[in-house]
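Chains as they are written, first to last, in our numbering: chain H, 1 to 559; chain R, 560 to 878. I have placed the structure first, in the form of structure tokens, so that the comments after it can refer back to it.
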């Protein structure tokens, strides 16, 4: 009997102790194991911690706390270059790191750089002056040495597997960056490149003194997570998998921000984001459906902002499939589709996306706003489809399942192509699988034969403003195995990218946009808007219409 | 008993090997590669080969597996390709969050299911039993993600009693705050377990109440509560030990869905992210870790079962 009692007690003790151990020591264990990088002031604040909700702390802060959700579950590291091209990575780094300056179709906005001027007529020599008085978050001045150092980090392929496109132009790395004085650098390019300014300007500097001048920084976890940046907010704490807390940097060279804190919350579940917004635990979120947009527009507690995302969503052809080598087949698809129906059906209204007319978006420099795009002509499309043999086959259409509005787009395309007698099978893929198929022509440094798909929808951004860098999507021997670009277009693009005369460059790019449409290389679908809903007490979210949000946190205020 | 435990531990080795081989093969069969994240147009084949070599992805599948196994045998689970940090460090970092959440949910399940199961068994086929049975059916059949969303809407958005997610409030670092954040996810997670345990305890209670020793105790005039809590309950809980043993794996491996919905920074979210990025070392580390815990959990349950039940112990001795 005694043994049975002991057995029972043992079993219960095991269960209870496991659970109790987990719950009672949670906070201590978590605090110990979470990667937390803090400033000295944090310790004092921690001891004064009170049990208040995120909402309450938002209300009680003098300048307010602005909480931004991102879709990632975690951040690779706290540098602006940890996830190249990742919108979430950039959104997480924006409060902490400033760009040199930003070139956009609406003008140039200066941050760490005061000016960038050509010093010769050959389009290869430039002089850049840094803004005087800018400081790193540890109080050290930002100098020309940091510019030279950052360029060397970006050129070091051991960091990300390849040299960054910020400093490599049409295949050629930047020739040299030399310090002239503490605030001036001279830059030399291997050849003229129209996108140099818009690419180079986006560099977010790294502090040379923190990394000890070492250009291979990928293993310097401690230094990377110190996140000594140049932006209006400095790192307060980093909770792996949960949040990054930034606090105002009072010595910011452009004047201290109004907000007290900016918090980046990692929330991969979109419904969790929405619940948190409604509970006041986050300050804003993105919406991608008309239903939600209408819901929040009708609610006085929120303000809806819509800014152009600078993104083109497009339909592309797999050039590894013989059918698309016939221009009539590509033309048949382009003439069968009705872009307005796609916008209204997949996005819901022009607030979320507008019909695209060519491979550029209106946020690109040299955008040709006189073009009308493809006009639907079902009779002609049907004739071409029959002649090219499209009607005798079933096309496989792939899309990236996590990207908003792609599923609806695929369904509408399927219906529209059915009108000309073309059958389409739709297949959704996750990130890795989708891009493994889409870029089979060049991924792995060689062309992998892949005719499993015929059509795909994808998107490309216009962060770089100048269309030259879009060349990388079509130009190149390997890429040409999978995507179509005519010889005329290729030559035109080359000429435009190297043109020094601005008027000529603009004319060439506008011609290029027409030529790409005449080639039927791709079907431009939508120029999307970044529509966000914010709690009404926050203002200035659209002061700068730039994606990924937010370029300048000093513009955001809480009333 | 010792012999039995040693035998079982030795038996784990081939099992772990088989699981690791299957997991590795499944990963290799999935399209995409971890280094896809680094790919840019214009990268040379040499550069890509160098990258593959750096991450141990350049050999045949057998060579890659051997490379991985060799490091594991030396206690090195590898380095995350996307985060460039040791896998063991990443798992250890997320483990406390998951163990605390899952532990709390298990505790809630045990505490709730024992009285519910006993009451239902004691009042077999009476209204009380029917009410409890109906509740348990709901608990078993309603998907946790649905309950999670409903509970967030009611308790976090409408009533504002609890936060919608996360583990800490901003600028607050206290156990009470963590527990407050844990209430909703732990309760949601415990629902299913509570329902299952309740059903087990109910059916065991019914069968135990028909046993001779209970009839004897009743005829001797023993107090009903003493019969129930001192005699019947002990025997009812034996199968629960096995169930808890099996649930230990869940305790440390987390719940992908609940951790996502409640933005809980646990191990489940780490794995989901690794799967999306084809971060092989993290996925393999997670798989092996969960497999090991599942096996150890079962072993512990078996041993405890033997400790609690002399018939099993005698059976082991005969073997």
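Beta carbons are placed, not taken as given, at the ideal position from N, Cα and C, and that holds for glycine. Remember, it's a predicted structure, so these values are computed and weren't measured experimentally.
Own chain, CB closer than 8 Å to residue i, minus 5 neighbours either side, in chain order
i, result
"residue 455(H)", "315, 316, 317, 318, 333, 395, 396, 397, 398, 413, 424"
"residue 173(H)", "155, 163, 167, 190"
"residue 101(H)", "108, 109, 110, 111, 112, 113, 116, 201"
Cβ neighbours of residue i in the same chain (closer than 7 Å, five flanking residues each side left out)
i, result
"residue 488(H)", "515"
"residue 692(R)", "679"
"residue 772(R)", "790"
"residue 798(R)", "759, 763"
"residue 520(H)", "327, 330, 331, 334"
"residue 230(H)", "97, 98, 112, 134, 136, 142, 205"
"residue 864(R)", "797, 800, 801, 871"
"residue 387(H)", "328"
"residue 511(H)", "492"
CA-to-CA distance, residue j to residue i, given in whole angstroms
i, j, result
"residue 833(R)", "residue 76(H)", "12 Å"
"residue 484(H)", "residue 321(H)", "11 Å"
"residue 725(R)", "residue 302(H)", "23 Å"
"residue 613(R)", "residue 594(R)", "10 Å"
"residue 327(H)", "residue 407(H)", "27 Å"
"residue 604(H)", "residue 518(H)", "Nothing can be reported for residue 604(H), as the shown portion of chain H is limited to 1 through 559."
"residue 385(H)", "residue 393(H)", "10 Å"
"residue 467(H)", "residue 607(R)", "27 Å"
"residue 635(R)", "residue 643(R)", "14 Å"
"residue 292(H)", "residue 275(H)", "13 Å"
"residue 85(H)", "residue 244(H)", "Any answer about residue 85(H) is weak, because its pLDDT of 49 lies below 50 and its placement is not dependable; what the coordinates show is given next. Answer to the nearest angstrom: the Cα atoms are 19 Å apart."
"residue 539(R)", "residue 792(R)", "Because chain R is modelled from 560 through 878, residue 539(R) falls outside the range shown and cannot be assessed."
"residue 562(R)", "residue 580(R)", "28 Å"
"residue 525(R)", "residue 754(R)", "In the structure as shown, chain R begins at 560 and stops at 878. Residue 525(R) is therefore absent and cannot be evaluated."
"residue 215(H)", "residue 152(H)", "6 Å"
"residue 60(H)", "residue 502(H)", "Note that residue 60(H) has pLDDT 40, beneath the 50 cutoff, so the model's placement of it is unreliable and the number below is only indicative. About 52 Å."
Under 8 Å from the C-beta of residue i: neighbouring residues of chain H
i, result
"residue 715(R)", "275, 279"
"residue 835(R)", "430, 431, 432"
6 Å Cβ shell around residue i - same chain, five flanking residues per side excluded
i, result
"residue 808(R)", "849, 852, 853, 856"
"residue 838(R)", "593, 639, 640, 641"
"residue 447(H)", "441, 478, 481"
"residue 816(R)", "704"
"residue 80(H)", "93, 97, 204"
"residue 671(R)", "753"
Residue i, DSSP secondary structure in three states
i, result
"residue 406(H)", "helix"
"residue 852(R)", "helix"
"residue 462(H)", "coil"
"residue 820(R)", "helix"
"residue 472(H)", "helix"
"residue 661(R)", "helix"
"residue 746(R)", "helix"
"residue 498(H)", "helix"
"residue 683(R)", "coil"
"residue 811(R)", "helix"
"residue 485(H)", "coil"
"residue 441(H)", "coil"
"residue 287(H)", "coil"
"residue 721(R)", "coil"
"residue 550(H)", "coil"
Residue i: contacting residues in chain R (beta-carbon distance under 7 Å)
i, result
"residue 490(H)", "Simply none; closest approach about 14 Å."
Residue environment, residue i, which counts as buried when at least 16 other CB atoms sit within 10 Å
i, result
"residue 782(R)", "exposed"
"residue 499(H)", "buried"
"residue 2(H)", "Because residue 2(H) carries a pLDDT of 45, less than 50, the predicted location of this residue cannot be relied on, and the following value inherits that uncertainty. Looking at its Cβ environment, which holds fewer than 16 other Cβ atoms inside 10 Å, residue 2(H) is exposed."
"residue 594(H)", "No information on residue 594(H) is available, as it lies outside the stretch 1 to 559 that chain H covers here."
"residue 287(H)", "buried"
"residue 713(R)", "exposed"
"residue 774(R)", "exposed"
"residue 784(R)", "exposed"
Residue i: contacting residues in chain R (beta-carbon distance under 9 Å)
i, result
"residue 526(H)", "Residues of chain R passing the Cβ test: none, with the nearest at roughly 23 Å."
"residue 268(H)", "819, 822, 828, 831, 832"
"residue 245(H)", "729, 730"
Contact set between residue i and chain H, taken where Cβ atoms lie within less than 9 Å
i, result
"residue 637(R)", "Simply none; closest approach about 15 Å."
CB contact check: residue i to chain B, cutoff 8 Å
i, result
"residue 643(R)", "Protein chains H and R are contained in the structure displayed, whereas chain B is not."
Amino acids of chain R, ordered along the chain, whose beta-carbon sits closer than 8 Å to that of residue i
i, result
"residue 219(H)", "643"
"residue 65(H)", "729"
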